[in-house]
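The sequence shown begins at 479 in the working numbering and counts up one residue at a time. Structure first, then comments.
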Amino acid sequence: MSFISLVKIAKTGVINSAGTSNLNFYMLTSYLFITAFSLLLILLVNRNFIIGNNLESYKFKAETDPLTGVLSREAGINHMKNEMTRSVLKGHPMTIAYVDVNELKRVNDHYGHKEGDKLIRTITDIIQSNLREFDVIARLGGDEFLLVFARCNEDLANKVWRRINDEFLQVNIQGVHRFRLSASVGFVQYNASKHRNSTDLLHEADEKMYIHKKHSKEKVKM
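Okay, structure coming up:
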């Protein structure tokens, strides 16, 4: 049916049976097309929404340690690198701490890995609750953690750690766990002229942590 015929029909209100059939077919076809197009849009939107959610889920899992809920090793080191760059650009001090949970193997051997996991989670929770809002904790693996203190020199980082260690002691005094809370720690303030990259910075903090652990064991023996 031509456009002119439709105009005539609209003016006169008269249409023959063939015209009615064609018009109904045209309306039905248009309706089906619009409906199909709308359903296709809905499917595409839902698909993109699901893909977006899956990507966010994968990203969260990749950046989060499943046992403790803190940053994973990769995410923590990336954060440290970003803070190193920011420290140079802004001229702010930046300090890291390499933390090793003491006696995890003994707890695992004597009480089982569930109790060992509980030790890790307890220490993680205490550390995290005492950090400043812009500080970050990441689990490097096993019983080792990385703390990144933004806009913070080594003295201030030590002050934060003393607060953490005081809470360890309070929990130990209360005797609520079968294990005792303690950790060895090594602090290093970032120096762009000394630390060529994040590996240098992390390595130095790791070495200082082992020195602390060795001295702690010697004190126990004495």
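A virtual CB, placed ideally from N, CA and C, is assigned to each residue, including glycine.
Look at the alpha carbon of residue i and the alpha carbon of residue j, and state the distance between them as a whole number of angstroms.
i: Asp621; j: Thr513; result: 58 Å
i: Ala670; j: Val566; result: 7 Å
i: Leu545; j: Val579; result: 15 Å
i: Ile651; j: Thr600; result: 15 Å
i: Lys672; j: Val666; result: 11 Å
i: Leu634; j: Phe612; result: 14 Å
i: Ile615; j: Ile598; result: 13 Å
i: Asn586; j: His693; result: 23 Å
i: Tyr668; j: Glu541; result: 24 Å
i: Lys569; j: Thr563; result: The sequence given here has Gly at residue 569, not Lys. The straight-line gap from Cα to Cα measures roughly 10 Å.
i: Lys686; j: Ala661; result: 13 Å
i: Gly590; j: Gly619; result: 18 Å
i: Lys691; j: Tyr576; result: 11 Å
i: Tyr509; j: Leu517; result: 12 Å
i: His557; j: Ile689; result: 25 Å
i: Phe465; j: His681; result: Since the displayed the chain opens at 479 and closes at 700, residue 465 lies outside it and no answer follows.
i: Tyr434; j: Phe511; result: Missing from the structure shown is residue 434; the chain here goes from 479 to 700 and no further.
i: Asn631; j: Ala553; result: 22 Å
i: Asn423; j: Leu522; result: The shown model of the chain, from 479 to 700, leaves out residue 423, and the question about it has no answer.
i: Lys559; j: Asn608; result: 23 Å
Going by beta-carbon coordinates alone, are residue i and residue j separated by less than 8 Å?
i: Asp684; j: Gly664; result: yes
i: Arg610; j: Val638; result: yes
Just checking my contact of residue i with residue j at CB under 8 Å: how many whole Å lie between their CB atoms?
i: Ser676; j: Ile555; result: 6 Å
i: Asp543; j: Arg629; result: Incorrect: roughly 25 Å between the Cβ atoms, too far for contact.
i: Met572; j: Glu561; result: 5 Å
i: Leu647; j: Ile574; result: In fact, because the Cβ distance is near 24 Å, the residues do not count as touching under 8 Å.
Given the structure, does residue i come close to the ligand NAP, in the sense that its CB is under 7 Å from one of the ligand's heavy atoms?
i: Asp603; result: The model depicted lacks the ligand NAP and carries no ligand whatsoever.
(Q) Could you check whether the segment 549–556 touches the segment 617–635, counting it as contact only if at least three pairs of C-beta atoms, one from each stretch, sit closer than 8 Å? (A) Verdict: yes, contact present.
Q) Taking one C-beta from the segment 629–646 and one from the segment 596–613 each time, how about it: are there three or more such pairs within less than 8 Å? A) The segment 629–646, when compared against the segment 596–613, does touch it at the 8 Å Cβ threshold.
Q. If we count Cβ pairs, one from each stretch, closer than 8 Å, do we get three or more for the segment 656–663 versus the segment 577–594?
A. Yes, they touch.
Q.
At 4 residues or longer, what runs of the alpha helix (DSSP H) sit wholly inside the segment 612–696?
A. Qualifying alpha helix (DSSP H) stretches, in chain order: 632–652.
Q: For the segment 536–618, list the alpha helix (DSSP H) runs that are entirely contained and at least 4 residues long, ordered along the chain.
A: Qualifying alpha helix (DSSP H) stretches, in chain order: 551–568, 582–589, 591–608.
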